[in-house]
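Numbering (my numbering), first residue to last: 5 to 592.
Quick notes on the structure that follows.
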């Protein structure tokens, strides 16, 4: 009987009620911390042993519970100091481990809207943000993940975003360094290497037999305006997406291309079609066409751009995507200059502006001389020239003609350097900005000298431009031929001979099959608009006469690398033969 079994137990005092409640609470907290640690941070390899140990302890306690059926025996299990200490130590250990896991989560940094997959399972999506700055939508945001203390493979994905190697997802591994306790969580973080690599280009989007509309390429007077505008859209997009100056991108080829095509009717109404394509020429995502009331109306170009960029915002998940074009930059910069000018009469510190201007312009000139390109955007550089002229005029107005002449000298150096490296457009802007500097009335020898300095600066740039134009005209155009297979080589060789007879230099014929996108029809690509278009059309006429079918000339905005490696980008042309350029002979 139970009474006889526990008769020998000593009389024990009853425990206070608060002590019993405290003991139960401690045991409950221990169980809670164990549950959290077990389900969240406990390494997978430890789950088996820990589960087995817990089951064994539970079985022993159940067996003991069956034996201890007498109330008096239960009182015998009173709370000794040793039991208190054991419960406290276990609870403290579990609480410490849980807190360590909570304050040291796995940090995954990814752009807003990106999906995070851990070991093949989607565990989180980086929240979107509210910001007027598009760069905030491009920057990686930290996402806290509470993962088991194991090694995990993490994939980060976002539609239309790729890594530098053009992979669809950014992959990495996170783990704890158990052998280096001081650096335990050093590799418990990962940052996505994703960017929206895409370009905007003028190219065919719709089927050739689209009813009622004619490709604008057949109406050259309007096609040039839209082609140049689309090239400007691409520059603005790159500036917004990279937080750097447009036109400095070293990778002209991107995995995704937003093709833009304008088609029109006889009444000049039209439509703008655009869609995402990959490098193989496969359509990935078409957008709803944009109606155009009049393709010859300049305002329609800006309206179409706004709607295209709005669609890009939604598709790329980048809000407030701004267009950083020439006009917007110039207007913003002019506003700042005017604001400074309004303040100057109250605080005549024009010398500070002159020092800042004359410090910046020589750097630009030196960059042009050394590499033939700018670290800043060409368009932004042109805006800087206009702004510098505004500073010089303000210096004249406030009675600092010496400083105005100093700024003019630096502008002329930029113009000379630009002309010497073939940047005729920028050199002309320098010349025009110098013409805007109004010299103060010549009073005495000093005033006459300043006026002479301004005139000399203007003449130096004009001479540099004239010399550059002479040298450019003396340089023979170079035409690089690209074929889409060896079956086209014999036909291309005939065209090579025809081009050489017409005075063009043909460095060779390159087979790009499998290494680049082959267009459907032949393209003559030129890189300076509109100066090189006449030569491009002349090359196209030679191709057509030699039997090349359905060719067209197209403007391609050159990258900084193209400009740096070309002796004269205005005389650089590329012919890309299409899949059907020579009929069945050219097919693989």
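Idealized CB from N, CA, C, for every residue including glycine.
Remember, predicted model here, so these are calculated numbers, not experimental data.
Open item on the list: Going by DSSP, what residue range makes up the beta strand (DSSP E) through residue 289?
Closed with: 287-290
TODO: Please list, in chain order, all residues of the same chain as residue 551 whose beta carbon is under 6 angstroms from its beta carbon, the five residues on each side excluded.
DONE: none
Task: For residue 487, three-class secondary structure by DSSP - done: strand
Open item on the list: Taking the straight line between their C-alpha atoms, what separation do you get for residue 584 and residue 208?
Closed with: 15 angstroms
TODO: Write down the C-beta distance between residue 175 and residue 156 rounded to the nearest angstrom, noting that I regard them as a contact closer than 8 angstroms.
DONE: Wrong, their Cβ atoms sit about 11 angstroms apart, outside the cutoff.
Task: Alpha carbon of residue 340 to alpha carbon of residue 438, nearest angstrom - done: Unreliable placement is indicated for residue 340, whose pLDDT of 34 sits below 50; the coordinate value is still reported in the next sentence. Each residue's alpha carbon lies about 20 angstroms from the other.
Task: Terminal residues of the alpha helix (DSSP H) in which residue 541 lies - done: 537-549
- [ ] With a threshold of 16 other CB atoms inside 10 Å of the CB of residue 203, please say whether the residue is buried or exposed.
- [x] buried
Open item on the list: Classify residue 435: buried if its beta carbon has 16 or more other beta carbons within 10 angstroms, exposed otherwise.
Closed with: buried
Task: Unbroken alpha helix (DSSP H) run spanning residue 499, endpoints - done: 493-505
- [ ] Within 10 angstroms of the Cβ of residue 549, are there 16 or more other Cβ atoms? Answer buried if so, exposed if not.
- [x] exposed
Task: Residue(s) in a DSSP beta bridge with residue 533 - done: In the DSSP output, where bridge partners are listed per residue, residue 533 has none listed.
Task: Residue span of the beta strand (DSSP E) that contains residue 110, given as start and end - done: 110-114
TODO: Mark residue 93 as exposed unless 16 or more other C-beta atoms lie within 10 angstroms of its C-beta, in which case mark it buried.
DONE: exposed
Open item on the list: What residue range does the beta strand (DSSP E) around residue 206 cover?
Closed with: 202-206
TODO: Decide if residue 274 is buried, meaning its Cβ has at least 16 other Cβ atoms within 10 Å, or exposed.
DONE: buried
Task: Proximity to residue 315 [Cα-Cα], best of 278, 285, 520, 295 - done: 278
- [ ] Could you tell me whether the Cβ atoms of residue 458 and residue 441 are closer together than 7 angstroms?
- [x] yes
- [ ] With DSSP collapsed to three states, give me the class of residue 585.
- [x] coil
Task: Cβ neighbour criterion (16 or more within 10 Å) applied to residue 231 - done: buried
Open item on the list: Please classify residue 39 as buried or exposed, where buried requires at least 16 neighbouring CB atoms within 10 angstroms.
Closed with: exposed
Task: Sequence-distant residues of its chain with Cβ nearer than 7 angstroms to residue 191 (five each side left out) - done: 178, 179, 181
Open item on the list: Less than 8 angstroms between C-beta atoms, sequence neighbours within five positions excluded: which residues of the same chain meet that for residue 150?
Closed with: 44, 45, 105, 106, 109, 110
Task: Among 89, 97, 161, the one whose alpha carbon lies nearest that of residue 112 - done: 161
TODO: Compare the C-alpha of residue 537 against each of 547, 512, 559, 48 and name the closest.
DONE: 559
Task: Residue closest to residue 406, alpha-carbon to alpha-carbon, out of 423, 508, 452 - done: 452
Task: Where residue 462 sits in the DSSP three-state scheme - done: helix
Open item on the list: Measuring only the C-alpha atoms, how far is residue 285 from residue 264?
Closed with: 13 angstroms
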